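Here the protein sequences come in this chain order: U and W. Quick note, the working numbering runs 12 ahead of the 1-based positions in the first sequence. Quick note, the working numbering runs 27 ahead of the 1-based positions in the second sequence.
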Amino acid sequence: MTAGARVPLRLVIGLAVAIALDTGLQLVWKTGIAELPDTSSVWEMLVAVALNPIFALVALFMGAQLVNWLKVLDHADLSYAKPFTSLSYVTVCVLSVLLLGERIAPLQVVGILIVVAGVWCVSQTKRTTLGSSAEGE
Amino acid sequence: MSPTAFGVLLVVVSTMVEAFGQIFLKKSSVDAERRRRWILIGVAVLTAEIVLYSGALRFLAVSTAFPITSLSFVMVTLLSRWLLGEEVAPLRWVGVGLILVGTSLIVAEA
């Protein structure tokens, strides 16, 4: 078990960017979905998506996320990196309170603490076990 | 099968599909010679996941569907171990378990 202190800065930044992009994506996505017409026609739905510029933003976020995520995976196990993205559940929840004035339930606070504890556990494990090119950075 | 059960099944399948997509993306980093091919497969699979999940939302409320998606953290860990041969230390499993519980609590109450 290696300490989290040996994690390279590049990976820390990559994970932080992944969480930030994921948070932005979820908030933008939510806004976009809320603007969609209430229709059961798949075709009408697709047209509405194509015409709404907010979904271009969604696509942009997804593209940036893919590029950044591939870089993260060059420096860490998938089973190490993926759990960190759960922090976006925390950021989305906190931002909904701060920006949208939503109320936070006591159980959500418990959930946030549990997620942070879980991510801390994962951060204390070896970031790469495949013996690949990520060694020695 | 009731529409709700079908919706739940779709969400569970979509989390498995997402885990496979993630495996393909990681493959692109492990198998550099075929990097582009793995990325294309990964993106295609993740696109299929979005379609499946959107389909599930026709049968389920988001408040039911979203908590189930946190299963993807477990799926990704399982497949990383089985298909990529990553070493999942006990503490990493504990972390994933806590994350599963914590994310479910956050979104179930939202």
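Every residue gets a Cβ at the ideal spot worked out from N, C-alpha and C, and that includes glycine. On a predicted model such as this, the values are computed, not experimentally measured, just so you know.
From the options, pick the residue whose C-alpha is nearest to that of residue i; which is it?
i: R62/W; options: V72/W, F51/W and G122/W; result: F51/W
i: S81/W; options: V40/W, I133/W and V101/W; result: V40/W
i: A129/U; options: A135/W, V128/W and V134/W; result: V128/W
i: P65/U; options: V79/U, V84/U and T43/U; result: T43/U
Residue i to residue j, Cα distance in whole Å?
i: T96/W; j: V38/W; result: 7 Å
i: G34/W; j: I77/W; result: 14 Å
i: Q77/U; j: D34/U; result: 7 Å
i: L72/U; j: P118/U; result: 35 Å
i: G48/W; j: L132/W; result: 26 Å
i: M102/W; j: G36/U; result: 24 Å
i: T51/U; j: Q120/U; result: 32 Å
Assign residue i to one of two classes, buried (16 or more other C-beta atoms within 10 Å of its C-beta) or exposed (fewer than that).
i: R119/W; result: buried
i: G75/U; result: exposed
i: D89/U; result: buried
i: E113/W; result: buried
i: T141/U; result: buried
i: S90/W; result: exposed
i: L98/W; result: buried
i: S145/U; result: A caution first: S145/U carries a pLDDT of 46, below 50, which makes its placement in the model too unreliable to give a value.
i: L27/U; result: buried
Helix, strand or coil: which one does DSSP assign to residue i?
i: A92/W; result: helix
i: I66/U; result: helix
i: V38/W; result: helix
i: S98/U; result: coil
i: P117/W; result: helix
i: T104/W; result: helix
i: A75/W; result: helix
i: E60/W; result: helix
i: T141/U; result: coil
i: D34/U; result: helix
Using 7 Å as the limit for Cβ to Cβ distance, is residue i near chain W?
i: L119/U; result: yes
i: T35/U; result: no
i: P95/U; result: yes
i: V109/U; result: no
Is residue i close to chain U? Criterion is C-beta to C-beta, closer than 7 Å.
i: T91/W; result: no
i: I133/W; result: yes
i: E114/W; result: yes
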